[in-house]
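Enquirer: The numbering used here puts the first residue of the sequence shown at 1, with every later residue one more than the last.
The beta carbon of each residue, even a glycine, is placed where N, CA and C say it ideally should be.
Quick one: the structure is below, questions incoming.
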Amino acid sequence: MSHGGADNGIASNAYRLLWAGFMAILAAGVGFAIRGGILDNWGVEFGFTGSQLGAIGGAGFTGFCFGIIIGGVIADKIGYGKLVMAAFLFHVLSAVIALAAAPLPSGPDVGKEVLAAAQNSAYNFLFWGTFLFAIANGT
């Protein structure tokens, strides 16, 4: 059984591209599921409110929309290979940003201002890390 060729009008690598697309969709879904599943842990670890957790989760969907729209517009202009490389770089950058969210300081001598600043910093790192992760998935 042939999966493509010049004689039937299908590109010779169409079958391979179809499976690569399936794997990309699977990877994006697993990434979203992991991020969604870890929100409760982030809430406990960083003391986030439900609103903050919702905003972090929403950044994932918003970023995905931006990635699809912008990626679709520029794909033909820059080429799909460059777009995939940009997606890879966004994934790496999102991991670095999310991992920069340091645990909150603890102890009797930690002031409320220091704790609030650390929580705000962690929130921003996780929000923007999730946003960039979603942009990468959308491209």
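Are the stretch 126 to 133 and the stretch 94 to 109 in contact at 8 Å, needing three or more beta carbon pairs?
Expert: Short answer: they touch.
Enquirer: Does the separation of the CB atoms of residue 36 and residue 57 fall below 8 Å?
Expert: Their beta carbons are under 8 Å apart, which means residue 36 touches residue 57 by this criterion.
Enquirer: Who does residue 78 pair with in a DSSP beta bridge?
Expert: According to DSSP, which records beta bridges pairwise, residue 78 is partnered with nothing at all.
Enquirer: Quick check: what's the CA-CA separation for residue 49 versus residue 94?
Expert: Computed Cα separation, rounded: 22 Å.
Enquirer: Hey, out of 108, 107, 87, 30, whose CA is closest to residue 135's CA?
Expert: Residue 135 has its Cα closest to that of 87, out of 108, 107, 87, 30.
Enquirer: Measuring only the C-alpha atoms, how far is residue 117 from residue 25?
Expert: The alpha-carbon atoms of residue 117 and residue 25 are separated by roughly 37 Å.
Enquirer: Thinking residue 53 and residue 39 are a contact (beta carbons under 8 Å), I'd like their distance in whole angstroms, please.
Expert: So it is a contact: roughly 5 Å between Cβ atoms.
Enquirer: Whose CA, out of 34, 105, 82, lies closest to the CA of residue 46?
Expert: Nearest option by C-alpha distance: 105.
Enquirer: Could you pull the start and end residues of the alpha helix (DSSP H) that residue 121 belongs to?
Expert: Looking at the DSSP string, the run of the alpha helix (DSSP H) that includes residue 121 is 112 to 138.
Enquirer: Can you check which of these residues, 62, 15, 8, is closest to residue 133 by C-alpha distance?
Expert: Ranking 62, 15, 8 by Cα distance to residue 133 puts 62 first.
Enquirer: Can you check which of these residues, 124, 90, 112, is closest to residue 138 by C-alpha distance?
Expert: The shortest C-alpha separation from residue 138 is found at 90.
Enquirer: Taking DSSP as the reference, what is the three-state secondary structure of residue 109?
Expert: DSSP places residue 109 in coil when its eight states are reduced to three.
Enquirer: Could you have a look at residue 100 and say whether DSSP puts it in helix, strand or coil?
Expert: Residue 100 falls in the coil class under three-state DSSP.
Enquirer: I need the straight-line Cα distance from residue 107 to residue 115, nearest angstrom please.
Expert: The alpha-carbon atoms of residue 107 and residue 115 are separated by roughly 10 Å.
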